[in-house]
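Q: Would you mind keeping the following structure in view while I ask a few things?
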Amino acid sequence: MTIERCVLAAHEIDETLQVGNMQSKQVYYPKTCSPQDNLQQLFDTGMDLLFPDVQCKGEYPYYMKRFFEQNNVVLTMQEGDEEVLKKGTVDFMSFSYYSSIVSGYNGDSLKLHTSNLMGAEKNKYVEYSAWDWAIDPIGMRIALNHMYDRYHLPIFISECGFGAYDQVEADGMVHDDYRIDFLQKQLTQVKEAIRDGVEVFGFTAWCPIDLVSQTTSEFSKRYGFVYVDLDDYGNGTYERTPKKSFYWYKKVIASNGEEL
Numbered sequence: 637m638t639i640e641r642c643v644l645a646a647h648e649i650d651e652t653l654q655v656g657n658m659q660s661k662q663v664y665y666p667k668t669c670s671p672q673d674n675l676q677q678l679f680d681t682g683m684d685l686l687f688p689d690v691q692c693k694g695e696y697p698y699y700m701k702r703f704f705e706q707n708n709v710v711l712t713m714q715e716g717d718e719e720v721l722k723k724g725t726v727d728f729m730s731f732s733y734y735s736s737i738v739s740g741y742n743g744d745s746l747k748l749h750t751s752n753l754m755g756a757e758k759n760k761y762v763e764y765s766a767w768d769w770a771i772d773p774i775g776m777r778i779a780l781n782h783m784y785d786r787y788h789l790p791i792f793i794s795e796c797g798f799g800a801y802d803q804v805e806a807d808g809m810v811h812d813d814y815r816i817d818f819l820q821k822q823l824t825q826v827k828e829a830i831r832d833g834v835e836v837f838g839f840t841a842w843c844p845i846d847l848v849s850q851t852t853s854e855f856s857k858r859y860g861f862v863y864v865d866l867d868d869y870g871n872g873t874y875e876r877t878p879k880k881s882f883y884w885y886k887k888v889i890a891s892n893g894e895e896l
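Sequence positions in the sequence shown follow my numbering and run 637 to 896.
Here's what the structure looks like:
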């Protein structure tokens, strides 16, 4: 209920304020054409969209009733809570997108396969990073179309980036062409989604500067446009050096995405 009350409070202060949410977006592909795998994909996608469904539509989705019952989840609703949910929907939505996931039925029961994020089920049609994350720029276009079709709200892409082992070369530069290639392809698909009719109003890359990776707790899994001289154990000078991608992304920003 916190975000809904924040939306209502913001609109009470200034009705022109725009308040959004943030979703870690996953794109799920069925492992095969089997009905079971497609049912698993539908289940995984639904579970992924539980919170944006509530925040964008103002109610818990119908498909969660069975899940709650089967898992002994009891929602405690106070008087007026349903009205807050209905009135406190967000004005826009934002999400992060990094990779896609394969959904496969396990032969027993529908279960969210969170381990697939790390490549437990491989997709032979895409490449993978050193950490087994699917490199799937077309998934960005799919995600944007899916979310816009479901919620009909403007979209801000709040995170998108490529974690890699970066190497400082003899010239003192990190020539991270792989990061440039990743983001070029992602932004190209954002443009395609806009041409499809999706209302996208912003994009921010993860991230401006190297930092400890939230998913692996490593500093060596680098995302930044700026290299920081620091290893996984805190050793280094902390000196900061712009990578090749820094200068490329500077041009992207200056041209508002026209120059990729």
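Glycine included, every Cβ here is placed at the ideal spot set by N, Cα and C.
All values derive from a computational prediction rather than experimental measurement.
1) Here's a check: name, in chain order, each residue in its chain whose Cβ is nearer than 6 angstroms to the Cβ of Glu-828, leaving out the five neighbours to either side.
2) Is the CB-CB distance between Cys-843 and Gly-775 below 8 angstroms?
3) So does the segment 785-801 actually touch the segment 813-832, counting three or more Cβ pairs closer than 8 angstroms?
4) Taking C-alpha atoms, which residue in Tyr-859, Gln-659, Thr-851, Thr-873 lies nearest to Asp-813?
5) Taking just the CA atoms, how far does Phe-861 sit from Gly-870?
6) To test your reading of the DSSP string, which unbroken alpha helix (DSSP H) runs of 4 or more residues are found completely within the segment 748-816?
7) If the criterion is Cβ atoms closer than 8 angstroms, does the pair Lys-879 and Asp-807 meet it?
8) Are the segment 707-718 and the segment 644-658 in contact at 8 angstroms, needing three or more beta carbon pairs?
9) Using the rule of at least 16 other Cβ atoms within 10 Å of the residue's Cβ for burial, across every protein chain shown, is Phe-704 buried or exposed?
10) From Ser-751 to Val-720, what does the alpha carbon distance come to, in whole angstroms?
11) Under a three-way DSSP split, which group does Gly-893 fall into?
12) Could you tell me which residues DSSP puts in a beta bridge with Val-836?
13) Counting pairs of Cβ atoms below 8 angstroms between the segment 665-674 and the segment 686-700, do you hit three or more?
14) Confirm, please, whether the CB-CB distance from Ile-771 to Val-836 is below 8 angstroms.
15) In terms of alpha-carbon separation, which member of Leu-686, Ser-765, Phe-839, Asp-846 lies closest to Thr-877?
16) Using the beta-carbon count (16 or more within 10 Å), is Ile-889 buried or exposed?
17) Between which two residues does the alpha helix (DSSP H) holding Met-683 run?
18) Nearest to Tyr-664 by alpha carbon, out of Lys-857, Asn-892, Val-738?
19) Tell me which same chain residues have a C-beta within less than 7 angstroms of the C-beta of Cys-642, skipping the five on either side of it?
A: According to the data block:
1) If you number the sequence shown from 1, residue 828 lands on position 192. Within the same chain, Glu-828 has close Cβ partners Arg-777.
2) Here residue 843 corresponds to residue number 207 of the sequence shown, with the count starting at 1. Here residue 775 corresponds to residue number 139 of the sequence shown, with the count starting at 1. Taking 8 angstroms as the Cβ cut-off, Cys-843 and Gly-775 do not qualify as a contacting pair.
3) yes
4) The residue labelled residue 813 in the question sits at position 177 within the sequence shown. Of Tyr-859, Gln-659, Thr-851, Thr-873, the residue nearest in Cα terms is Tyr-859.
5) For the purposes of this step, residue 870 is identified with residue 234 of the sequence shown, where counting begins at 1. For the purposes of this step, residue 861 is identified with residue 225 of the sequence shown, where counting begins at 1. Looking at the two C-alpha atoms, the distance is approximately 20 angstroms.
6) 773-787
7) Stepping through the sequence shown from its first residue, residue 879 is reached at position 243. Stepping through the sequence shown from its first residue, residue 807 is reached at position 171. Result no, Cβ atoms of Lys-879 and Asp-807 do not sit closer than 8 angstroms.
8) no
9) Stepping through the sequence shown from its first residue, residue 704 is reached at position 68. Burial check for Phe-704: the Cβ neighbour count within 10 Å stays below 16, so the residue is exposed.
10) For this step, residue 751 is matched to residue 115 along the sequence shown. For this step, residue 720 is matched to residue 84 along the sequence shown. Residue placement at Ser-751 is flagged as unreliable, the pLDDT there being 48, under the threshold of 50; the coordinate-derived value follows with that caveat. Straight-line spacing of the CA atoms in Ser-751 and Val-720 works out to 35 angstroms.
11) The sequence position of residue 893 within the sequence shown is 257, counting from 1. Gly-893 falls in the coil class under three-state DSSP.
12) As a position in the sequence shown, residue 836 is number 200, starting the count at 1. Under DSSP, Val-836 takes part in a beta bridge, and its partners are Ile-791.
13) The segment 665-674 makes no contact with the segment 686-700, as fewer than three CB pairs between them are under 8 angstroms.
14) For the purposes of this step, residue 836 is identified with residue 200 of the sequence shown, where counting begins at 1. For the purposes of this step, residue 771 is identified with residue 135 of the sequence shown, where counting begins at 1. Here Val-836 is not near Ile-771, since their CB atoms are 8 angstroms or more apart.
15) As a working note, residue 877 is residue 241 in the sequence shown. If we check each option's Cα against that of Thr-877, Asp-846 comes out closest.
16) Position 253 of the sequence shown, counted from the first residue, corresponds to residue 889. By the 10 Å Cβ count, Ile-889 comes out exposed.
17) Residue 683 sits at position 47 when you count from the first residue of the sequence shown. Run containing Met-683: 671-684, per the alpha helix (DSSP H) assignment.
18) For this step, residue 664 is matched to residue 28 along the sequence shown. Minimum Cα distance to Tyr-664 is reached at Val-738.
19) Position 6 of the sequence shown, counted from the first residue, corresponds to residue 642. Contacts found: Val-655.
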